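Participant:
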Amino acid sequence: MRSDRGQKAGWPLTLAAAGGIAFLHLPILLIFVYAFTTEEKSFQWPPPGFTTQWFAVAWNRPDVWDALILSLKVASIATAIALVLGTLAAAAVARTQFFGREAISLLVILPIALPGIVTGIALRSAFSLAEIPYSMWTIILGHGTFCVVVVYNNAVARFRRTSSSLIEASMDLGANGFQTFRYVILPNIATALLAGGMLAFALSFDEVIVTTFTGGQQSTLPIWMLQELIRPRQRPVTNVVAVVVVLATFLPILAAYYLTRDTESVAGSGK
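So in the working numbering, spot 112 of the sequence shown is number 112, and the numbers just go up one at a time.
This is the structure in structure tokens:
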């Protein structure tokens, strides 16, 4: 039987792939172009001129820094909480048998299936009923509802792929619970946690709907960008911030790629 591996793709498939890539990335390239435009209030094509002045303007605007710092704090804390709770929930569901396990698994993943506006309204009602003032922590609680899910999904899949015989062998050789986790379990689930943590951070960093209902008067970076687009003062500044976010996002993705490649078969030792 002849294998098709290595066979060149036909021109229709190549054209379709090129069209899909262009559809995904040309709008991002437009953001880069408009970040350098000399026009302040509107978008024109072709741009009337190019300048780098908006990068200096964005750097010197305190509202940009306040929104960026708040977004980083919220995303970092929400991701840390999600890594702990999501991993523990995944370990419990994948490694133990108990009554109602499937129901608990459904309840854990339910928030990611609900529309963001439903989650936002529910959280806002709960905070109002409990008389909890809006703060950074209410945003973190809102983001944690879906960050836990993405970590859980990655971790539970990896737990189910990890052979229980490795854990049993470790315990038979005299390792305690912490040593087994450190030298056997963690190396096997590390790449899944890295992927889940990155996805959770990205989802938290760019969340708009839930933040609108749980943030009160605070503005994370996505909320700031949305407000600037609705009531623009210096529209190119918004594009500059978007460019910085794209570049800053690319670096951890690139790092994660190099850290996680060739680790599909890690078993007890590795990255």
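Idealized CB from N, CA, C, for every residue including glycine. For clarity, every value in this text was computed on a predicted model and none was experimentally measured.
Under the rule that 16 or more other beta-carbon atoms within 10 Å means buried, what is residue 269, buried or exposed?
Facilitator: Taking the sequence shown and counting its residues from 1, one reaches residue 269 at position 269. For residue 269, the predicted structure reports a pLDDT of 41, less than 50, and the residue's modelled location is therefore unreliable. The matter cannot be settled from this model.
Participant: Note down the Cα distance separating residue 32 from residue 25, rounded to an integer number of angstroms.
Facilitator: Along the sequence shown, one-based indexing puts residue 32 at 32. Along the sequence shown, one-based indexing puts residue 25 at 25. Answer to the nearest angstrom: the Cα atoms are 11 Å apart.
Participant: With residue 230 and residue 212 assumed to form a contact (beta carbons below 8 Å), what rounded beta-carbon distance in angstroms separates them?
Facilitator: If you number the sequence shown from 1, residue 230 lands on position 230. If you number the sequence shown from 1, residue 212 lands on position 212. At roughly 13 Å, the Cβ-Cβ gap does not stay under 8 Å, so residue 230 and residue 212 are not in contact.
Participant: Can you list, in chain order, the residues of its chain whose CB lies under 8 Å from that of residue 265, leaving out five sequence neighbours each side?
Facilitator: Counting from 1 along the sequence shown, the entry for residue 265 is found at position 265. Note that residue 265 scores a pLDDT of 49, beneath 50, so its modelled location is shaky and nothing firm can be said.
Participant: Roughly how many whole angstroms lie between the Cα atoms of residue 30 and residue 20?
Facilitator: By 1-based counting over the sequence shown, the position of residue 30 is 30. By 1-based counting over the sequence shown, the position of residue 20 is 20. Distance between the alpha carbons of residue 30 and residue 20: 16 Å.
Participant: Could you have a look at residue 50 and say whether DSSP puts it in helix, strand or coil?
Facilitator: Numbered from its first residue, the sequence shown carries residue 50 at position 50. Strand, per DSSP.
Participant: Which one of 193, 198, 200, 164 has the shortest CA to CA distance from residue 184?
Facilitator: As a position in the sequence shown, residue 184 is number 184, starting the count at 1. With distances taken between Cα atoms, residue 184 lies closest to 164.
Participant: Give, in chain order, every unbroken run of the alpha helix (DSSP H) that is at least 4 residues long and sits entirely within the segment 143-189.
Facilitator: 164-172, 177-180
Participant: Would you tell me roughly how many angstroms separate the C-alpha atoms of residue 109 and residue 123, rounded to the nearest one?
Facilitator: For the purposes of this step, residue 109 is taken as residue 109 along the sequence shown, with counting starting at 1. For the purposes of this step, residue 123 is taken as residue 123 along the sequence shown, with counting starting at 1. Roughly 17 Å separates the two Cα atoms.
Participant: Kindly indicate which three-state DSSP category residue 220 falls into: helix, strand or coil?
Facilitator: As a first step, residue 220 is located in the sequence shown; it is residue number 220 there, counting from the start. In the three-state DSSP reduction, residue 220 falls in the coil class, being neither helix nor strand.
Participant: Thinking just about the alpha-carbon of each residue, which of 106, 121, 161 is nearest to the one in residue 149?
Facilitator: Here the question's residue 149 lines up with position 149 in the sequence shown. For residue 149, the nearest C-alpha among the options comes from 106.
Participant: Out of curiosity, what's the CA-to-CA distance linking residue 267 and residue 162?
Facilitator: Here residue 267 corresponds to residue number 267 of the sequence shown, with the count starting at 1. Here residue 162 corresponds to residue number 162 of the sequence shown, with the count starting at 1. The pLDDT assigned to residue 267 is 44, lower than 50, so where the model puts this residue is not dependable, and the model offers no usable value.
Participant: Look up residue 212 in the DSSP assignment and say whether it is helix, strand or coil.
Facilitator: Position 212 of the sequence shown, counted from the first residue, corresponds to residue 212. In this structure, residue 212 counts as helix in the three-state DSSP scheme.
Participant: State the start and end residues of the unbroken alpha helix (DSSP H) segment that holds residue 28.
Facilitator: Here residue 28 refers to the residue found at position 28 when the sequence shown is read from its first residue. Unbroken alpha helix (DSSP H) run through residue 28: 11-34.
Participant: Would you identify the three-state DSSP class for residue 96, choosing helix, strand or coil?
Facilitator: For this step, residue 96 is matched to residue 96 along the sequence shown. Three-state DSSP puts residue 96 in coil, outside helix and strand.
Participant: Tell me the residue span of the alpha helix (DSSP H) that contains residue 121.
Facilitator: Locating residue 121 in the sequence shown gives position 121, counting from the first residue. It spans 116-129 - the alpha helix (DSSP H) in which residue 121 sits, taken as one unbroken run.
Participant: Give me, in chain order, the residues of the same chain whose beta-carbon lies closer than 7 Å to that of residue 53; leave out the 5 immediate sequence neighbours on both sides.
Facilitator: Within the sequence shown, the letter at position 53 stands for residue 53. Correct list: empty, nothing qualifies.
Participant: Around the Cβ of residue 246, are there at least 16 other Cβ atoms within 10 angstroms (buried) or fewer (exposed)?
Facilitator: The residue labelled residue 246 in the question sits at position 246 within the sequence shown. Classification of residue 246: exposed, given that the 10 Å Cβ count is below 16.
Participant: Whole angstroms is fine: what's the gap from residue 134's alpha carbon to residue 59's?
Facilitator: For this step, residue 134 is matched to residue 134 along the sequence shown. For this step, residue 59 is matched to residue 59 along the sequence shown. Residue 134 and residue 59: Cα-Cα distance of roughly 28 Å.
Participant: Label residue 254 either buried or exposed according to how many other C-beta atoms from any shown protein chain fall within 10 Å of its C-beta, with 16 as the threshold for buried.
Facilitator: Taking the sequence shown and counting its residues from 1, one reaches residue 254 at position 254. Exposed, since its Cβ has fewer than 16 Cβ neighbours within 10 Å.
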